[in-house]
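Protein chains in written order, with my numbering: chain W, 246 to 607; chain S, 246 to 607; chain L, 246 to 607; chain G, 246 to 607.
In what follows, a single structure is set out as structure tokens and then discussed.
4 protein chains.
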Amino acid sequence: MPGDSIGKMFRVTVWGESHGSSIGTVVEGCPPGIELDMNEIQKQLDKRKPGGTGPVSTRQEQDRFEIVSGLFEGKTTGTPISIVIKNHGFTKNNYTDLSDVYRPGHADFTYQAKYGIRDCYGGGRSSARLTAPVVAAGAIAAQILAGGTGFRILAYVKKVGSVNSDIAAGSVEPEDVQGSSVNFPDREKEGEVLALLKKLKRQGNSIGGVVECVVENVPAGFGEPLFDKLDGDLAKVMVGLNGAKGFEIGAGFSSAELTGEQNNDEFAVENGKVVTITNRAGGVLGGISTGMPIVFRVAFKATPSISLKQNTVDSDGKSRKIQIKGDHDTCVAIRAVPVVEALASIVICDHFLRYRGQCGVK
Amino acid sequence: MPGDSIGKMFRVTVWGESHGSSIGTVVEGCPPGIELDMNEIQKQLDKRKPGGTGPVSTRQEQDRFEIVSGLFEGKTTGTPISIVIKNHGFTKNNYTDLSDVYRPGHADFTYQAKYGIRDCYGGGRSSARLTAPVVAAGAIAAQILAGGTGFRILAYVKKVGSVNSDIAAGSVEPEDVQGSSVNFPDREKEGEVLALLKKLKRQGNSIGGVVECVVENVPAGFGEPLFDKLDGDLAKVMVGLNGAKGFEIGAGFSSAELTGEQNNDEFAVENGKVVTITNRAGGVLGGISTGMPIVFRVAFKATPSISLKQNTVDSDGKSRKIQIKGDHDTCVAIRAVPVVEALASIVICDHFLRYRGQCGVK
Amino acid sequence: MPGDSIGKMFRVTVWGESHGSSIGTVVEGCPPGIELDMNEIQKQLDKRKPGGTGPVSTRQEQDRFEIVSGLFEGKTTGTPISIVIKNHGFTKNNYTDLSDVYRPGHADFTYQAKYGIRDCYGGGRSSARLTAPVVAAGAIAAQILAGGTGFRILAYVKKVGSVNSDIAAGSVEPEDVQGSSVNFPDREKEGEVLALLKKLKRQGNSIGGVVECVVENVPAGFGEPLFDKLDGDLAKVMVGLNGAKGFEIGAGFSSAELTGEQNNDEFAVENGKVVTITNRAGGVLGGISTGMPIVFRVAFKATPSISLKQNTVDSDGKSRKIQIKGDHDTCVAIRAVPVVEALASIVICDHFLRYRGQCGVK
Amino acid sequence: MPGDSIGKMFRVTVWGESHGSSIGTVVEGCPPGIELDMNEIQKQLDKRKPGGTGPVSTRQEQDRFEIVSGLFEGKTTGTPISIVIKNHGFTKNNYTDLSDVYRPGHADFTYQAKYGIRDCYGGGRSSARLTAPVVAAGAIAAQILAGGTGFRILAYVKKVGSVNSDIAAGSVEPEDVQGSSVNFPDREKEGEVLALLKKLKRQGNSIGGVVECVVENVPAGFGEPLFDKLDGDLAKVMVGLNGAKGFEIGAGFSSAELTGEQNNDEFAVENGKVVTITNRAGGVLGGISTGMPIVFRVAFKATPSISLKQNTVDSDGKSRKIQIKGDHDTCVAIRAVPVVEALASIVICDHFLRYRGQCGVK
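Here is the structure:
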């Protein structure tokens with residue numbers, strides 16, 4: 246059973262390898278008759294693209310997408326939307342001497358162990374390059390949801406190393422994120438982040454981080470217990486993200502320290518709508534959306550590609566020392582921001598369509 | 246698209262409500278010819294069952310399972326294994342005055358919002374009672390894996406409130422857990438946990454906690470990138486567990502504060518097998534098992550059922566004050582221990598069979 | 246990947262073996278708030294049950310169903326509906342000497358070849374007994390559809406051996422079928438059928454047949470090309486039925502002999518609705534329902550259980566002669582009638598909910 | 246739930262429309278390490294391509310495929326194989342005046358009814374053009390199976406109109422098919438077929454037909470009862486084929502007229518292997534392969550695109566007369582031959598991998 250897709254009603258299948266001629270996605274289940282805003286899709290892809298500044302990789306990725314099916318006179322037809330993104334601007338040279346050695350923290354060894362063969366260029370299938378088509382698909386999901394529910398999503402860097410943004414989840418505005426080269430909304434601490442990244446970059450080292458995401462205007466009722474819960478499905482795609490090592494929703498791990506009295510969100514009615522006074526649940530109860538903002542965080546480890554000398558072994562089991570060449574992100578969490586938005590959009594769109602099928606028309 | 250199943254090759258579908266006549270599961274995809282150890286299944290169910298002591302609910306749950314299909318002369322036939330567990334020993338009285346009011350922290354409101362109707366007794370479908378069939382199914386998965394790989398799984402309470410066990414992941418033995426009425430392996434701090442639980446129970450309050458799980462002897466190669474990664478699938482079922490609010494693997498959220506140099510696990514060869522010197526990855530790289538122990542943690546919020554007075558609303562939108570009756574767990578994390586083991590076994594067994602199908606026979 | 250389910254939005258999973266303590270089904274995806282008519286479900290089960298008359302098996306099957314989950318005060322809750330049917334009134338004695346021999350025309354050999362083990366009593370998993378839970382699930386599907394679309398389904402025996410009913414598809418009424426002990430609507434030829442069955446029964450032989458099914462009031466638009474087409478999905482479940490060897494829709498195999506001019510159904514408008522003047526398509530074009538009646542036929546081979554002497558081999562590869570004991574249907578097509586209705590209802594209900602999810606709300 | 250895929254372990258997703266810039270498929274679940282024979286894939290595509298002779302459409306389809314992912318140094322890597330086929334050599338002019346009218350026998354009306362929008366050029370998504378990527382995917386499936394089981398598949402035209410080939414299923418050789426411009430293996434009757442096609446072509450009319458397919462060297466044990474039976478899955482994809490109206494396996498519809506004594510295939514042992522003396526079952530019992538040749542037939546209606554005048558309606562419900570322009574196949578069954586082979590290969594490969602996962606390694 247292959248695992249190249251997300252979603253059941255809105256299904257996104259991603260194909261390709263880092264250094265192949267192209268990468269892409271087939272998006273199935275998009276409702277018909279939607280006029281897609283191509284600029285919006287490109288805008289999200291541009292957010293994912295590495296810039297020329299220090300913090301992120303300077304690899305030249307021209308992420309121009311092409312939609313080659315599923316549209317008729319600019320509108321979706323309900324049939325699969327095939328998106329192709331050409332690969333170029335890279336060189337395979339950085340990887341030739343890595344073809345038989347396992348980079349620490351990377352998936353070289355596990356792909357070899359699983360498949361007995363692997364594409365060694367740029368990490369092949371395991372490269373974060375494959376998040377580009379995910380971002381394009383997510384931008385479509387967000388447009389479907391925006392039409393249906395007024396959906397609004399915003400992710401940003403919450404933490405880099407031990408520098409934590411002090412802006413509360415509900416108070417971050419899109420401008421706060423766009424105005425920062427490192428997607429960090431806390432202006433007072435942004436300098437600290439930049440200095441840290443600069444220092445590590447110079448050392449050839451890298452650092453972990455945390456991304457926070459807030460989704461507003463998701464109606465109550467999305468999520469399919471017992472096992473396809475909305476929070477469970479978000480956790481799955483987020484922990485599956487390159488470099489991700491943890492997921493928490495609402496109060497998350499800190500809720501372990503709270504009592505029931507402290508943690509329960511009391512219900513009230515506001516403007517005729519049931520709400521919770523607080524939102525420690527993070528917008529999900531029993532795996533179903535409450536109608537309150539969905540708030541979650543994803544922890545990322547440091548980029549494993551560092552130019553410091555590391556011990557490892559090669560495919561013959563011989564000890565090797567490696568230093569990874571090339572220009573890599575110092576903190577993958579920063580570039581993960583639009584990918585987190587895309588994956589959350591896809592998951593929520595999928596649950597929107599599932600809800601419509603089973604419960605939406607009484 | 247209903248969400249009542251886990252797994253693709255090894256599929257577990259769970260049916261039932263807390264206070265119906267019975268609950269159960271259909272387990273599909275179990276390979277044929279396996280002689281099931283029924284005592285082992287009952288033992289896991291007994292671990293989940295509330296005891297008569299303070300920390301966990303004293304509700305009388307006689308979790309006797311019956312396998313009504315899929316076996317021939319004690320061996321699996323490769324056809325669906327249907328397991329039925331009768332419900333008894335409960336009273337619906339505790340819930341009759343809750344039929345139109347939304348308990349804070351529970352799924353009453355979201356089920357009502359989604360389905361427009363809900364079974365109000367004992368939480369109906371959203372009850373933790375539904376984890377009993379999951380535990381039975383998990384015990385079967387563990388037996389399949391034990392035959393195939395020497396699989397060994399151990400979960401325990403890592404933290405209750407702010408009391409943290411200081412025993413390192415690799416050092417906990419099954420006896421350390423079984424010897425504790427609260428599944429807490431740190432003998433020195435167990436008294437602290439018991440005192441905390443006793444105090445909260447008396448107050449009618451509850452507390453959160455963290456469960457840690459270590460899985461050994463999972464060969465390298467399980468997991469299906471890009472999107473059905475082993476860690477992603479674990480995250481999905483764990484965050485979907487009643488009361489769970491977070492999941493982390495290996496160094497998890499703490500890896501956000503580490504540099505690449507600190508966090509990368511260097512490879513070495515030991516007894517002819519590729520290993521990592523450290524295991525901050527928690528046994529998974531690129532979504533595929535490395536062969537090292539899989540180590541993860543799940544954060545649980547406090548039991549939302551507290552007997553303290555809480556504000557809420559009813560289905561007419563009127564303000565209400567409620568005090569929840571009945572005997573509830575003070576800390577759900579404690580009873581979640583065998584459920585975490587069961588869910589992890591199911592996920593890993595599913596990936597074992599998927600691996601066999603695509604990569605296992607060259 | 247287990248294959249024990251039909252449907253994606255409306256999913257029916259069937260468990261059990263012919264001579265186990267019970268058999269059953271888990272029905273997922275039923276929309277909430279539907280008041281199920283239990284008598285209607287029982288009525289369909291009774292149609293499947295063998296009567297005491299000659300043509301069908303006299304095995305005593307008391308098919309009383311019990312719904313043990315998914316209902317609250319008589320209404321569906323949107324959660325899985327678990328249905329259990331007890332097995333009784335059978336004896337295992339007829340099968341003990343068949344435990345190591347392969348009955349011609351049965352699945353004994355193929356189950357053994359696939360699983361290396363099989364339940365030999367009454368055919369175990371491969372028994373037509375397993376169609377009982379399918380009929381119960383189908384009766385639920387039909388009720389969902391009746392509420393949504395005015396759905397009306399009618400199957401009957403079109404042919405037994407070479408005796409063909411001359412009543413045209415659209416002209417058969419439910420009474421014509423119910424009034425016949427062999428579900429054969431052509432009163433003039435019914436005697437011929439009964440005489441044939443009687444003769445074969447006496448000889449210990451059996452005969453094949455064809456079932457025809459007409460489904461009315463299915464709106465245009467159900468079916469999911471390219472590969473989950475409505476006719477394809479019908480074909481799959483029908484050919485998968487015990488003893489089925491063929492499926493055709495509309496003009497079917499006879500369309501192979503027609504020219505385009507003869508076969509094309511011209512469009513017209515009637516009462517403001519697009520219709521086709523003729524219906525050689527059988528209600529489906531391009532895999533999507535046209536709104537015209539869906540008409541299809543299923544060919545069944547003769548019951549393989551005959552009491553005439555047959556040559557075969559046993560599990561050691563030795564030649565054996567067998568004579569099958571017990572009271573078996575002379576023509577399985579007759580009892581297949583309510584099962585064909587059930588399977589068609591399930592498939593169409595599944596497509597109804599899929600349609601609602603993707604296209605139903607613009 | 247979108248329906249753009251076939252298979253569960255070996256999954257083929259097809260995207261594109263007849264007159265878009267390209268069409269393609271994503272093939273998931275291909276085992277790693279297989280050296281693909283590209284010529285073999287092209288050969289199958291060429292068989293599907295219309296030639297320049299009378300019987301089939303003269304539309305210029307240059308079906309050159311490109312594999313853009315999933316290969317490393319010529320070998321499969323176990324990751325998705327993305328195949329792109331450029332569209333060219335067509336003109337949209339033939340379709341502009343058909344944009345608002347429903348062609349009889351085509352899917353114009355049903356796509357419009359379902360999606361509320363449709364790509365009118367060349368039938369858009371419903372075009373037989375979309376079988377090109379299916380053929381490429383099927384050629385990969387056949388190579389996987391050939392490596393594993395010595396798999397051998399052969400389809401051919403059994404019947405055109407009422408001209409039936411008299412060569413028995415087991416006696417047709419690949420040369421008999423390749424040597425015929427109409428894939429008709431009966432040399433004596435081929436002239437009759439050609440004359441019929443020529444006459445109908447001149448009249449602007451078309452004709453139906455039947456394709457027969459024989460698959461050898463499929464081991465016993467493939468198929469997943471109760472509902473993913475091998476014959477059921479074959480029926481689904483075959484009936485879903487453009488223009489298909491029926492499917493039968495083994496004796497098929499003719500088995501309805503046989504008695505149990507006539508129809509049952511007796512078992513015997515030959516060269517240490519269990520076989521059946523006859524093969525009226527067509528290689529499948531109880532939904533599982535027997536190890537005997539799989540023999541099935543698919544009925545096709547006449548090409549609905551005829552240049553004779555037909556009555557129909559347009560999207561405003563007005564009566565219209567149309568004559569379809571362009572050069573269309575006189576008998577679609579002829580060109581369906583390689584597509585039938587491809588779909589059967591895909592289904593059997595899928596079941597091969599499912600078998601390996603659940604039952605293949607004891």
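Note that beta-carbon positions come from the ideal geometry of N, C-alpha and C, so glycine has one too.
When the five nearest sequence neighbours on each side are left out, the beta carbons in the same chain lying within less than 7 angstroms of the beta carbon of Thr521/L are those of Asp510, Glu511, Phe512, Thr535, Met537, in order along the chain.
DSSP, read as helix, strand or coil, puts Phe597/W in helix. When the alpha-carbon of Ser407/L is set against those of Leu343/L, Ala440/L, Lys570/L, the nearest one is in Ala440/L. Between Gly323/W and Pro276/W, the CB-CB gap stays under 9 angstroms. Met254/S is classed as buried because its beta carbon has at least 16 other beta carbons within 10 Å across all chains shown.
For Lys554/L, same chain residues with a beta-carbon under 7 angstroms away, outside a window of 5 residues either side, are Lys566, Gln568 in chain order. The Cβ neighbour count for Arg525/W, taken over all protein chains shown within 10 Å, is at least 16; the residue is labelled buried. Exposure of Ala413/W is indicated by the presence of fewer than 16 other C-beta atoms within 10 angstroms of its C-beta.
Chain W places no beta carbon closer than 9 angstroms to that of Phe467/G, leaving this residue out of the contacts. The alpha-carbon of Val456/G is positioned some 10 angstroms away from that of Leu399/G.
For Gly532/L, the residues of chain G that pass the 7 angstroms Cβ criterion are Gly485, in the order they occur in the chain. With a cutoff of 9 angstroms on beta-carbon distance, Tyr360/G and Phe354/G are scored as not near each other. DSSP, reduced to helix, strand and coil, places Thr324/G outside both helices and strands of the structure shown, so it counts as coil.
Cβ-Cβ distances below 6 angstroms link Lys474/W to Gly468, Gly532 in the same chain, with the five nearest sequence neighbours on each side left out; the list follows chain order. Taking a C-beta cut-off of 9 angstroms against chain W, the contacting residues of the region 262 to 290 of chain L are Gly274, Cys275, Pro276, Pro277, Gly278, listed in chain order.
Under the rule that a run must span 3 or more residues, the beta strand (DSSP E) segments found entirely inside the region 401 to 473 of chain G read 454 to 461.
Among the bridge pairs identified by DSSP, Glu515/G is matched with Lys518/G. Under the Cβ criterion of 9 angstroms, Pro325/S is counted among the residues facing chain L. Glu435/W does not reach chain S, its nearest Cβ partner there being about 17 angstroms away, counting only Cβ pairs nearer than 8 angstroms.
Scanning Gly393/L, Ser550/L, Gly453/L, Val259/L for the CA closest to the CA of Val402/L turns up Gly453/L. Contact annotation: Ser500/G and Ala544/L have beta-carbon atoms nearer than 9 angstroms. The straight-line gap separating the alpha-carbon atoms of Val438/S and Cys594/G is approximately 56 angstroms.
For Tyr360/W, the neighbours in chain S by C-beta distance under 7 angstroms run, in chain order, Cys604. By the 16-neighbour rule on beta-carbons within 10 angstroms, Asn284/W is exposed. DSSP places Lys288/S within a helical segment (H, G or I) once states are collapsed to three. Here DSSP, grouped into helix, strand and coil, assigns Thr376/G to helix. Apart from the 5 residues on each side of it in sequence, Gly395/L sits with its Cβ closer than 6 angstroms to the Cβ of Asn462 in its chain, given in chain order. With respect to the 9 angstroms criterion, Pro470/G and Asp478/L are not classified as neighbours on the basis of their beta carbons.
When the alpha-carbon of Arg542/G is set against those of Val459/G, Gly517/G, Val558/G, the nearest one is in Val459/G. Residues of the region 306 to 322 of chain W whose Cβ lies closer than 9 angstroms to any Cβ of chain G, in chain order: Glu311, Val313, Ser314, Gly315, Leu316, Phe317, Glu318, Lys320, Thr321, Thr322. Taking 8 angstroms as the upper bound for CB-CB distance, Gly392/L and Ile312/L are not in contact here, some 18 angstroms apart.
Bridge partners of Glu493/S according to DSSP: Gly491/W, Arg542/S. Assigned with DSSP and collapsed to three states, Phe255/S falls in coil, not helix or strand.
Only those residues of the region 361 to 379 of chain S whose C-beta falls short of 7 angstroms from the nearest C-beta of chain L are listed: Gly361, Ile362, Arg363, Asp364, Arg370. Judged by DSSP secondary structure, Glu506/G falls within the alpha helix (DSSP H) whose first and last residues are 505 to 508.
Using a 10 angstroms sphere on the CB of Arg293/S, the tally of other CB atoms reaches 16 or more, which defines it as buried.
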